[in-house]
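Undergrad:
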Amino acid sequence: MEKLSFTMKPSTPATGTRARAIVGVVASGNLEVLLERNLPANICIIDIATAARGFAAVWEAVIEDFVTRRPAGGLHISINDGGARPDMVSLRLAQGVRLIEELEA
Amino acid sequence: MELADILASLFPGGHEVAVTGNLISGSGIINAIKVHVIGIAGQSPLGCEGALILAGHVLEITRKGSAAPILVLIDSSSQRMSRRDELLGLSECLAHLAKTLLLAGAQGHRTIGLLYGGSAAGAFIATALATGTLVALPGAHPAVMDLPSMARVTKLPIEVLKAKAEKTPVFAPGLENLAQTGAIHAVWNPDQSLAEQFLALLAEQTGGDARDRLGEGRGGRPKAASIAQRVEKEASHA
Amino acid sequence: MRNWSTQKEALALRRYAGQRYACGKSVALDDLPQFLEAVLRPGDRVCLEGDNQKQADILAKALANLDPGKIHDLHMVQSGVVLPEHLDVFEKGVAKRLDFSYSGPQSTRIARMLSGGKIELGAVHTYLELFARYFIDLTPQVALIAAVSADRDGNLYTGPNTEDTPTVVEATSFKSGMVVAQVAEIVDKVPRVDIPGDLVHFVVDAKKPFYVEPLFTRDPGAITETQILTAMLAIKGLYAPYGVRRLNHGIGFNTAAIELLLPTYGEKLGLKGKICTHFALNPHPTLIPAIEAGWVEQIHSFGSEVGMDDYLSARSDIFFTGPDGSLRSNRAYCQVAGLYACDMFIGSTLQIDLQGHSSTVTTNRIAGFGGAPNMGSDSRGRRHPSEPWLKAGADADPNAAAGLRRGRKLVVQIGETFGEKNVPLFVEQLDALELADKLDLDLAPVMIYGDDVSHIITEDGIANLLLCRDNDEREQAIRGVAGYTDVGRARDRKMVERLRARGVIRRPEDLGIDPLDADRRMLAARSIKDLMLASGGLYQPPSQFRNW
Amino acid sequence: MTSENSWYEAGARQRVAALLDPGSFAEFIGPEQREISPHLAIFDLPEQFDDGIIVGHGTLEGRRILVAAQEGRFMGGAFGEVHGAKLTGLLRAARTLGEPVLILFDTGGVRLQEANAGELAIAEIMRALVEARMAGVQVVGLIGGRAGCYGGGSLIAGCCSALIVSEQGRISVSGPEVIETNKGIEEFDSRDRALVWRTMGGKHRYLIGGADAFADDDVLAFREAALIVLAGNGRLDADVLEAEQQRLEHRLHRFGKAHDAIDIWTDIGVSEPTEIPGLATDEFLRRTTNKRETANGAR
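So the protein sequences, as listed, match chains Y, F, P and S. Just so you know, we're using numbering that gives the first Met the number 0 here: the first sequence kicks off at 0 and counts up by one. Just so you know, we're using numbering that gives the first Met the number 0 here: the second sequence kicks off at 0 and counts up by one. Just so you know, we're using numbering that gives the first Met the number 0 here: the third sequence kicks off at 0 and counts up by one. Just so you know, we're using numbering that gives the first Met the number 0 here: the fourth sequence kicks off at 0 and counts up by one.
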């Protein structure tokens with residue numbers, strides 16, 4: 000496993016009030032994303048444990064785009080990755096942000 | 000130890016235990032205590048018929064209303080792997096056998112498993128692991144799955160698996176590994192009277208299922224006991 | 000005085016030699032080895048019928064078991080190198096030279112044998128090219144073909160999987176070659192005559208049907224959200240604006256997703272009757288929901304598909320069927336149809352380079368071409384206009400005088416930026432070049448040349464290469480949809496934004512598509528069973544695809 | 000057509016959310032507590048924060064209920080140490096609290112990378128389950144996921160007071176590949192999926208009394224079935240096991256010579272038995288009413 004951690008300064012804080020959300024599942028080509036709202040609104044920390052080694056540059060690019068395009072401020076995001084492709088990572092991150100925006104069911 | 004030697008050492012005064020088609024049944028007396036015996040011999044697989052025959056014996060014992068101990072002797076392979084057994088619902092038959100043993104335990108029978116040979120997978124769960132206390136003799140060789148099969152499934156070379164097995168008891172086959180996870184209460188000494196070791200075991204108090212705490216103490220299962228306990232607690236306070 | 004009938008005389012000798020093992024035209028299965036030894040000559044040019052679907056498997060097995068001391072140095076000219084026996088004949092020395100077009104499942108072994116010198120390669124062709132050469136310089140002296148049934152006169156019923164047979168027989172039999180057919184049974188009267196008996200010299204009762212690979216079955220259960228997103232982009236960003244009605248779909252999950260989105264997403268966009276009405280296409284099971292919903296008017300097929308035969312018979316308004324009711328497929332005609340009468344080809348590939356060249360070759364595999372290059376190329380011989388063809392032509396050359404401007408076929412590559420095992424779709428250089436080097440080939444095996452490609456669709460967006468005015472723009476347009484691959488990350492961001500402003504690149508948001516809406520629930524069928532139910536129970540999928 | 004709320008396609012969390020009363024589910028040891036497997040790192044395998052099972056409580060039509068749901072996509076829903084212990088703890092709590100339990104199975108059996116711990120976990124779960132049932136608690140299994148209910152999971156299912164199954168659900172001790180690998184393709188061709196389904200699938204299990212209710216592949220259909228099943232009784236005692244002994248002996252006696260499920264379906268008098276696999280739920284239930292073998296609480 001390779002562990003990566005990124006501390007980002009997103010443009011927008013996450014909306015909604017839910018304390019946490021989880022999407023996805025750890026499987027081949029898939030990943031789980033746990034989002035916890037427990038950081039100052041101007042930062043976002045993303046911790047990654049991935050089965051695919053040597054993709055740090057790709058992760059960085061995906062995450063830069065994510066914090067630019069989606070409101071992610073204040074979120075601590077933890078990822079367990081089963082070797083997902085970047086398109087799946089982007090999708091799960093977007094789904095996670097959308098879920099934490101929703102009202103508590 | 001061979002089955003005959005085991006029975007001789009358990010029942011110095013003789014016994015009425017028979018083996019029919021690799022299924023063991025009968026009884027003997029140790030120190031004036033009647034002990035029912037069932038089991039499976041000859042490294043044989045356990046299929047639908049065998050499971051129901053053994054379950055039938057257990058039900059017959061419990062029907063009598065005594066609290067005599069039941070000794071389950073095990074030298075099996077795995078569940079019988081066949082299209083026919085699965086077609087007929089092997090899972091129900093094996094679960095049924097386990098339930099009869101668990102019910103007997105709850106009705107006051109001590110259920111003691113003695114693993115003296117092999118056992119694996121579904122057969123192991125339905126017999127040995129469904130007893131209240133499981134002991135073993137040296138040379139017993141339980142296995143959930145043998146290393147070559149495991150190598151095939153995990154796609155890891157067998158040497159790599161062997162090296163990993165050195166570091167943890169959690170996956171590799173073998174008596175010592177299973178004992179560390181808490182599955183085996185004790186390993187008996189074949190050079191001493193099995194009857195006496197049996198009586199000593201009977202004298203021990205039993206409570207609920209202590210295998211997870213045993214595994215925690217032996218270092219084979221670091222988390223099971225505490226996780227189960229936490230869930231239980233959270234459920235009670237929720 | 001020159002003898003002008005040597006070929007006819009050679010055929011007569013072969014027939015005479017073979018007749019010893021035959022009763023009428025019928026050769027018993029047990030006599031097949033001796034029979035083949037009697038009719039074949041060392042060095043013969045032989046077509047052993049087989050393509051990506053149907054296989055003359057019994058004849059292949061018999062050929063591979065011949066004694067190379069007696070029969071050797073054959074020159075195999077055949078569509079598919081698919082069965083192990085197709086390469087065994089070279090391994091054993093029965094055959095020496097090979098001209099072929101497709102080698103899917105044998106792609107690794109054939110590459111190994113080529114570099115090991117076991118096979119003397121003529122060329123790797125497209126189907127249509129190889130068929131063409133059957134009539135010019137690669138005419139078979141013996142054709143070993145497969146049919147469903149034969150009557151005692153040798154009339155053949157080739158059934159729904161007719162495929163290459165008429166072409167092979169035409170070229171062989173009318174040029175004094177010998178035709179030997181394996182059939183599953185001999186009947187008094189064949190359901191229909193696909194091949195006239197006087198073109199067929201011998202028939203072998205194989206007692207079982209020839210093998211057919213279910214190559215075009217895609218389980219909707221395996222379609223991912225990203226593939227659905229690419230399909231949404233295709234429908235809304237390409238099919239709709241060009242009004243694509245006549246087309247071919249390649250094999251793959253992206254195109255399967257498109258097929259399954261027509262009755263749902265396509266319906267919502269009001270596109271029914273405006274797109275996807277006529278196909279050159281194998282009977283894809285995933286097209287069943289769209290057919291049932293009335294989207295499709297007509298389909299001509301290269302071959303059939305395992306389990307689809309009853310459905311096809313019951314939908315003769317859509318498919319080509321014989322008087323017996325069953326499908327009639329024909330690979331050669333369908334390839335021509337795809338080349339000349341379709342306005343779009345859309346399919347997947349394994350590698351795309353910075354010029355847009357694409358290839359399914361990796362360094363250790365030669366998969367051949369099959370039909371994709373015919374589908375995926377702009378025919379220079381086309382003369383009839385259509386809306387999408389003219390519009391694409393205008394995209395490519397807006398300044399030319401309309402009356403003198405060629406139209407363009409839409410040739411679309413669709414895929415995810417990363418494929419299986421995280422292998423990037425986009426590369427700086429195709430593996431095909433390295434392979435060509437290794438095997439000393441004159442041509443790198445390029446599936447579709449960059450100048451034929453009009454669009455590339457990934458989850459990142461659509462690149463319209465027709466709108467690119469120079470190589471730089473073209474390269475950046477490709478990088479611009481290459482996502483997080485190395486090629487994509489090396490994009491010139493400013494230039495990509497400029498291309499986007501011009502509509503050369505269109506992102507999902509530019510088309511009003513939210514990637515989060517790409518949900519499996521949009522698929523008109525989400526399992527093989529759904530397809531079976533949608534067909535009213537007529538589609539009977541092979542057992543390995545069932546989950547009931 | 001696959002339902003909008005397909006059970007087969009949904010993940011464990013989606014199933015639980017749609018099965019219980021809206022918003023009623025609360026998880027024990029949720030993923031934020033990161034109680035992961037301590038053993039997967041040895042194999043350099045990725046962990047999942049909930050170790051592939053969620054346990055908690057919620058309500059069903061207002062009635063408090065305990066629930067466990069396996070995630071069949073994470074390591075095939077297999078039982079490891081933590082995964083198993085969560086279910087053990089839940090069943091022990093059920094006995095103390097006297098509250099019914101729903102187990103949403105989706106498992107290939109024991110997780111090989113922690114095989115000994117997983118095997119033992121199965122045994123502990125079975126014991127906790129049986130003890131809960133002897134105390135009068137209902138434990139209902141729901142089976143219809145991608146991974147099916149195989150290996151040790153099928154033995155746990157065999158201890159439940161009732162099983163609800165959909166066509167997609169498969170219940171079997173040995174999986175098709177395991178039988179093929181050990182006994183050869185002549186014994187079982189694992190690629191012949193029609194054979195897999197008619198030997199182990201939900202319809203066959205329902206027809207021979209291996210399951211009590213048959214549901215459409217839809218979360219709400221499972222909910223309806225659960226409500227009906229939960230209205231019954233789940234107590235396990237000697238009478239129940241005597242009855243089960245008779246039921247299973249009768250089954251072996253009656254169908255023991257059958258080679259294929261079709262033989263069994265023919266025997267019980269189902270019309271056009273070869274059509275059974277292709278039938279939609281309504282038609283399947285209509286054709287088999289009063290014909291199938293039932294457990295009638297004898298489990």
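Every residue gets a Cβ at the ideal spot worked out from N, C-alpha and C, and that includes glycine. All figures in this text were calculated on a predicted structure; none of them were measured in a lab.
(1) When the Cα atoms are used, what is the spatial distance from A548(P) to R501(P)?
(2) Buried or exposed for V410(P), please, with buried defined as at least 16 other CB atoms from any protein chain shown within 10 angstroms of its CB.
(3) Output the distance between the C-alpha atoms of Y7(S) and G144(S), rounded to the nearest integer angstrom.
(4) Rounded to whole angstroms, what is the Cα-Cα separation between D450(P) and C467(P)?
(5) In three-state DSSP terms, what is D204(P)?
(6) Measure the beta-carbon distance from R405(P) to G392(P) and round it to whole angstroms, keeping in mind my assumption that it falls under 8 Å.
(7) DSSP three-state call for P514(P): helix, strand or coil?
(8) Taking Cβ to Cβ, would you say L194(S) is nearer than 9 Å to S542(P)?
(9) Assuming I146(S) contacts G107(S) under a Cβ cut-off of 8 Å, what Cβ separation, rounded to an integer in Å, is found between them?
(10) Answer with buried or exposed for S300(P), where buried requires no fewer than 16 other C-beta atoms within 10 angstroms of its C-beta.
(11) By Cβ distance, which residues of its chain are closer than 8 Å to A131(P), with the 5 residues on each side in sequence left out?
(12) Pop quiz: Y156(P) and V189(P) are said to be a contact at Cβ under 8 Å. What is the actual Cβ separation, rounded to whole angstroms?
(13) Suppose the cutoff is 7 Å on Cβ atoms and the five residues either side in sequence are ignored; what does the same chain contact list for G218(F) look like?
(14) Per DSSP, which residues does H554(P) bridge with? Please list them.
(15) Less than 9 Å between the beta carbons of L100(F) and I52(F), yes or no?
(16) Taking 8 Å as the threshold, find out whether the stretch 347–354 of chain P comes into contact with the stretch 307–318 of chain P through three or more Cβ pairs.
(17) Given a cut-off of 9 Å on the beta-carbon distance, is the pair I23(F) and L72(F) in contact?
(18) Compile a chain-ordered list of the residues in the stretch 415–441 of chain P whose CB is closer than 7 Å to at least one CB of chain Y.
(19) I'd like the ranges of any beta strand (DSSP E) spanning at least 3 consecutive residues and lying wholly in the stretch 120–147 of chain P.
(20) Identify whether L280(P) lies in helix, strand or coil by the three-state DSSP scheme.
(21) How about V305(P) and T161(P): do their beta carbons lie closer than 9 Å?
(22) List, in order along the chain, the chain P residues whose C-beta lies closer than 9 Å to that of L90(Y)?
(23) In whole angstroms, what is the alpha-carbon distance linking M74(S) and G42(P)?
(24) Kindly indicate which residue of E59(F), N21(F), S26(F) and D145(F) has the alpha-carbon position closest to the one of S43(F).
(25) Are V96(Y) and R69(Y) close, meaning C-beta to C-beta below 9 Å?
(26) By Cβ distance below 8 Å, which residues in the same chain neighbour F197(F) in space, the five residues on each side in sequence not counted?
(27) Going by the DSSP bridge assignment, what does V24(Y) pair with across the sheet?
(28) Please confirm if L74(Y) has its CB atom under 9 Å from at least one CB of chain S.
(29) If we define contact as Cβ-Cβ less than 9 Å, is F48(S) a contact residue for chain Y?
(30) So what's K204(F) in DSSP terms, helix, strand or just coil?
(31) What would DSSP say about F34(P), mapped onto helix, strand or coil?
(32) In the DSSP assignment, find the alpha helix (DSSP H) that holds S8(F) and state where it starts and stops.
(33) What residue does the beta strand (DSSP E) around E31(Y) start on, and which one ends it?
(34) Report the three-state DSSP secondary structure of T167(F) (helix, strand or coil).
(35) Could you say which of A171(F), A135(F), E165(F) and T126(F) lies nearest to P147(F) if we only look at CA atoms?
(36) Answer with buried or exposed for Q244(S), where buried requires no fewer than 16 other C-beta atoms within 10 angstroms of its C-beta.
TA: Short version:
(1) This structure leaves residue 548(P) out entirely; chain P is present only between 0 and 547.
(2) What you label residue 410(P) is simply residue 411 of the third sequence in a count that begins at 1. Buried, since its Cβ has 16 or more Cβ neighbours within 10 Å.
(3) Position 8 of the fourth sequence, counted from the first residue, corresponds to residue 7(S). Position 145 of the fourth sequence, counted from the first residue, corresponds to residue 144(S). Looking at the two C-alpha atoms, the distance is approximately 5 Å.
(4) Reading the third sequence from its first residue, position 451 is the one you call residue 450(P). Reading the third sequence from its first residue, position 468 is the one you call residue 467(P). For D450(P) and C467(P), the distance between alpha carbons rounds to 11 Å.
(5) Locating residue 204(P) in the third sequence gives position 205, where the first residue counts as 1. The three-state reading of DSSP puts D204(P) in strand, counting E and B together.
(6) Position 406 of the third sequence, counted from the first residue, corresponds to residue 405(P). Position 393 of the third sequence, counted from the first residue, corresponds to residue 392(P). That belief holds up - the Cβ atoms of R405(P) and G392(P) are roughly 6 Å apart, short of 8 Å.
(7) Taking the first residue of the third sequence as position 1, residue 514(P) is located at position 515. For P514(P), the three-state secondary structure derived from DSSP is helix.
(8) As a first step, residue 194(S) must be located in the fourth sequence, where it is residue number 195. As a first step, residue 542(P) must be located in the third sequence, where it is residue number 543. Going by C-beta atoms, L194(S) is nearer than 9 Å to S542(P).
(9) Along the fourth sequence, read from residue 1 onward, the residue named residue 146(S) stands at position 147. Along the fourth sequence, read from residue 1 onward, the residue named residue 107(S) stands at position 108. Correcting the residue type first, residue 146(S) is Ala in the shown sequence and not Ile. Confirmed, about 5 Å.
(10) In the third sequence, counting from the first residue as 1, residue 300(P) sits at position 301. Counting of Cβ neighbours within 10 angstroms places S300(P) among the buried residues, the total reaching 16 or more.
(11) For the purposes of this step, residue 131(P) is identified with residue 132 of the third sequence, where counting begins at 1. For A131(P), where only same-chain residues beyond five positions count, there are no Cβ hits under 8 Å.
(12) Walking along the third sequence from the start, residue 156(P) turns up at place 157. Walking along the third sequence from the start, residue 189(P) turns up at place 190. Contact holds; Cβ gap of about 4 Å.
(13) Position 219 of the second sequence holds residue 218(F). Excluding positions up to five away in sequence, the list reads Q179.
(14) This structure gives no information on residue 554(P), because the portion of chain P shown stretches from 0 to 547.
(15) Within the second sequence, residue 100(F) is the residue found at index 101, counting from 1. Within the second sequence, residue 52(F) is the residue found at index 53, counting from 1. No. Outside cutoff.
(16) Below 8 Å, too few C-beta pairs join the stretch 347–354 of chain P and the stretch 307–318 of chain P to call them touching: fewer than three.
(17) Residue 23(F) sits at position 24 when you count from the first residue of the second sequence. Residue 72(F) sits at position 73 when you count from the first residue of the second sequence. At a Cβ-Cβ threshold of 9 Å, I23(F) and L72(F) count as neighbours.
(18) So the list reads E415, T416, F417 and N421, given in the order they occur along the chain.
(19) With a minimum length of 3 residues, the continuous beta strand (DSSP E) runs that stay inside the stretch 120–147 of chain P are 141–145.
(20) Taking the first residue of the third sequence as 1, we reach residue 280(P) at position 281. Under the three-state reduction of DSSP, L280(P) is assigned to coil, being neither helix nor strand.
(21) Translated into positions along the third sequence, residue 305(P) becomes position 306. Translated into positions along the third sequence, residue 161(P) becomes position 162. At least 9 Å separates the beta-carbon of V305(P) from that of T161(P).
(22) The residue labelled residue 90(Y) in the question sits at position 91 within the first sequence. Here the neighbours are E224, T225, L228, E458, P514, L515 and A517.
(23) By one-based count along the fourth sequence, residue 74(S) stands at place 75. By one-based count along the third sequence, residue 42(P) stands at place 43. Using only the alpha carbons, I get a separation of about 55 Å.
(24) By 1-based counting over the second sequence, the position of residue 43(F) is 44. Minimum Cα distance to S43(F) is reached at N21(F).
(25) As a position in the first sequence, residue 96(Y) is number 97, starting the count at 1. As a position in the first sequence, residue 69(Y) is number 70, starting the count at 1. Yes, these two residues count as a Cβ contact at 9 Å.
(26) As a first step, residue 197(F) must be located in the second sequence, where it is residue number 198. The residues are L9, I29, V34, L70 and I111.
(27) For the purposes of this step, residue 24(Y) is identified with residue 25 of the first sequence, where counting begins at 1. Under the DSSP definition of a beta bridge, V24(Y) lacks any partner.
(28) To locate residue 74(Y), count along the first sequence from 1; it is residue 75. No, its Cβ sits nowhere closer than 9 Å to a Cβ of chain S.
(29) In the fourth sequence, counting from the first residue as 1, residue 48(S) sits at position 49. Cβ-Cβ to chain Y under 9 Å: yes for F48(S).
(30) Here residue 204(F) refers to the residue found at position 205 of the second sequence. According to the sequence provided, residue 204(F) is Gln. The question's Lys does not apply to it. Under the three-state reduction of DSSP, Q204(F) is assigned to coil, being neither helix nor strand.
(31) For the purposes of this step, residue 34(P) is taken as residue 35 along the third sequence, with counting starting at 1. The answer is helix: DSSP assigns F34(P) an H, G or I state.
(32) Position 9 of the second sequence, counted from the first residue, corresponds to residue 8(F). L2 to L9 is the extent of the alpha helix (DSSP H) around S8(F).
(33) Position 32 of the first sequence, counted from the first residue, corresponds to residue 31(Y). E31(Y) -> beta strand (DSSP E) spans L30 to R36.
(34) To locate residue 167(F), count along the second sequence from 1; it is residue 168. Looking at T167(F) - three-state DSSP - the assignment turns out to be coil, as it is neither helix nor strand.
(35) Locating residue 147(F) in the second sequence gives position 148, where the first residue counts as 1. In terms of CA proximity to P147(F), A171(F) leads the group A171(F), A135(F), E165(F) and T126(F).
(36) Working through the fourth sequence from its first residue, we reach residue 244(S) at position 245. With 16 or more other Cβ atoms within 10 Å, it is buried.
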